[in-house]
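Visitor: Questions regarding the structure given below will be posed in turn.
Chains as they are written, first to last, in our numbering: chain A, 295 to 439; chain B, 9 to 168.
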C-alpha cells in the first residue's frame, strides 16, 4: 500500500514585535499566558533564562535575540503569550506577543528557505502574499550541542 | 561533575532515610537570591576575622546595590579544597523541600554548561526562586590546583 502523502501542514503564526513567523502546531504542547522568567547567568545568548513550569525549569527562548531588529526581553518583562514547545527530549518556552489559531497550510506553500533571512528555519511559507519563516527548533538544539 | 546536594545532608530525614528537605545558606542577591547547600558551608565569620584570601562573590554575582554593612566570609569545602568567599549581602539559613530543587536545562548553557557556577534552581511553592551555587564547579574555577588553600583551625557551626 503506498504511503499517504500529507497535503497540508498545521501551523500557528506567532508575532514578536514587528516580526511574524510560523511554528508547526504538533510541536506546541501548550499555549500559556504571560509567564515571568528567571534570568540565569552564563547562558547562551538566545536563551537568557528559564520559566518555572510546575516543578520544572524550562529553557526560555527569546527569538527577539535572533532577529537583529527586535528588542530582547529584559528581566522583569514578559510577553502576553508563552508557547511550550516539545522538541525531541527538550522543552522550550517561547514568549510571543500574539498566537494565531491553528491554520491548515498546503504543503505546496511550504518551500525550502530561499528568501527569508531568519537563521532558525529550513523552510519558508507563502501565506496571504507574505513569505514567512517556518521556525525549526531542532536547528537551535543542534547549535547548542 | 553532577552534584547530589542531598547526599551529605543529614537534615530533615524521614524514618526510611529519604530526605524531605535540605538546608541552604541563602545570600540575598537581587533580583534573585543565591543559595549554597549548607553541607558545603564549613564556617561563616566576619571578614575581619579572616586572614586568607577570599573570592568577592558580590563582584561575581551582584546586579543590584543594596547590601548589609558587615562583610561576611563563608568558607566552602568541596573536593577541590576550601574556598573562601566574601559578601556584604544579608545571609540566612533556610530549608526547602527536596522536590523544589530542579535542574536548569543543560540546553540553556550550550557549551558553557561545565563551567557554569549554577546548574540548579529552587522553585518554592510560594516565594521567589533561588539559584543554587554549584560549589564543586565554583571551587574548581577558583581553586584549580588547591594553591594555598586556607585551613580552618575550627569547624564551628554556622554562626548566623
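Ideal Cβ positions, reconstructed from N, Cα and C, are used throughout, including at glycine.
What residue does the alpha helix (DSSP H) around residue 67 of chain B start on, and which one ends it?
Guide: Residue mapping note: residue 67 of chain B aligns to position 59 of the second chain, counting from 1. Here the alpha helix (DSSP H) through residue 67 of chain B covers 65 to 69.
Visitor: So for residue 346 of chain A, helix, strand or coil by DSSP?
Guide: Numbered from 1 along the first chain, position 52 holds the residue referred to as residue 346 of chain A. Of the three classes helix, strand and coil, the one that applies to residue 346 of chain A here is strand, per DSSP.
Visitor: Answer yes if the segment 336 to 353 of chain A comes into contact with the segment 391 to 403 of chain A, meaning at least three C-beta pairs across the two stretches below 8 Å, and no otherwise.
Guide: Output reads no: the segment 336 to 353 of chain A does not touch the segment 391 to 403 of chain A.
Visitor: Within 8 Å, do at least three Cβ pairs link the segment 90 to 102 of chain B to the segment 119 to 129 of chain B?
Guide: With a cut-off of 8 Å, the segment 90 to 102 of chain B and the segment 119 to 129 of chain B do not count as touching, because too few Cβ pairs lie within range.
Visitor: Is the separation between the beta-carbon of residue 393 of chain A and that of residue 373 of chain A shorter than 7 Å?
Guide: On the first chain, residue 393 of chain A is found 99 positions in, with the first residue counted as 1. On the first chain, residue 373 of chain A is found 79 positions in, with the first residue counted as 1. Cβ distance not < 7 Å, so residue 393 of chain A and residue 373 of chain A don't count as in contact.
Visitor: Does residue 368 of chain A come out as helix, strand or coil in the three-state DSSP assignment?
Guide: Within the first chain, residue 368 of chain A is the residue found at index 74, counting from 1. The answer is coil: DSSP assigns residue 368 of chain A none of H, G, I, E or B.
Visitor: Would you please state the rounded distance, in angstroms, between the beta carbons of residue 41 of chain B and residue 143 of chain B? I believe it to be under 8 Å.
Guide: Residue mapping note: residue 41 of chain B aligns to position 33 of the second chain, counting from 1. Residue mapping note: residue 143 of chain B aligns to position 135 of the second chain, counting from 1. At roughly 16 Å, the Cβ-Cβ gap does not stay under 8 Å, so residue 41 of chain B and residue 143 of chain B are not in contact.
Visitor: If I'm right that residue 323 of chain A touches residue 368 of chain A with Cβ under 8 Å, what's the distance once you round it to whole angstroms?
Guide: Residue 323 of chain A sits at position 29 when you count from the first residue of the first chain. Residue 368 of chain A sits at position 74 when you count from the first residue of the first chain. No, residue 323 of chain A and residue 368 of chain A are not in contact; Cβ-Cβ is about 26 Å, not under 8 Å.
Visitor: Which of helix, strand or coil does DSSP assign to residue 36 of chain B?
Guide: Along the second chain, one-based indexing puts residue 36 of chain B at 28. DSSP places residue 36 of chain B in coil when its eight states are reduced to three.
Visitor: Could you give the distance in angstroms between the alpha-carbon of residue 107 of chain B and the alpha-carbon of residue 137 of chain B?
Guide: As a first step, residue 107 of chain B must be located in the second chain, where it is residue number 99. As a first step, residue 137 of chain B must be located in the second chain, where it is residue number 129. Rounded to whole angstroms, residue 107 of chain B to residue 137 of chain B spans 13 Å at the Cα level.
Visitor: Specify, as a first and last residue, the run of the alpha helix (DSSP H) that residue 147 of chain B falls within.
Guide: Along the second chain, read from residue 1 onward, the residue named residue 147 of chain B stands at position 139. Taken as a continuous stretch (DSSP letters only), the alpha helix (DSSP H) holding residue 147 of chain B covers 143 to 150.
Visitor: How would you label residue 411 of chain A, buried or exposed, when you count the other beta carbons within 10 angstroms and need 16 or more for buried?
Guide: The count along the first chain starts at 1 and reaches residue 411 of chain A at position 117. The residue is exposed, with fewer than 16 neighbouring Cβ atoms inside 10 Å.
Visitor: Can you tell me whether residue 398 of chain A is helix, strand or coil according to DSSP?
Guide: Indexing the first chain from 1 puts residue 398 of chain A at position 104. It is a strand residue.
Visitor: Determine the burial state of residue 126 of chain B: buried for a count of at least 16 other Cβ atoms within 10 Å of its Cβ, exposed for fewer.
Guide: On the second chain, position 118 is the one that residue 126 of chain B refers to. By the neighbour-count rule (16 or more Cβ atoms within 10 Å), residue 126 of chain B is buried.
Visitor: What are the residues in the segment 344 to 355 of chain A lying within 8 Å of chain B by C-beta distance?
Guide: Going along the segment 344 to 355 of chain A in chain order, one finds 344, 346, 349, 350, 351, 352, 353, 354 with a Cβ nearer than 8 Å to chain B.
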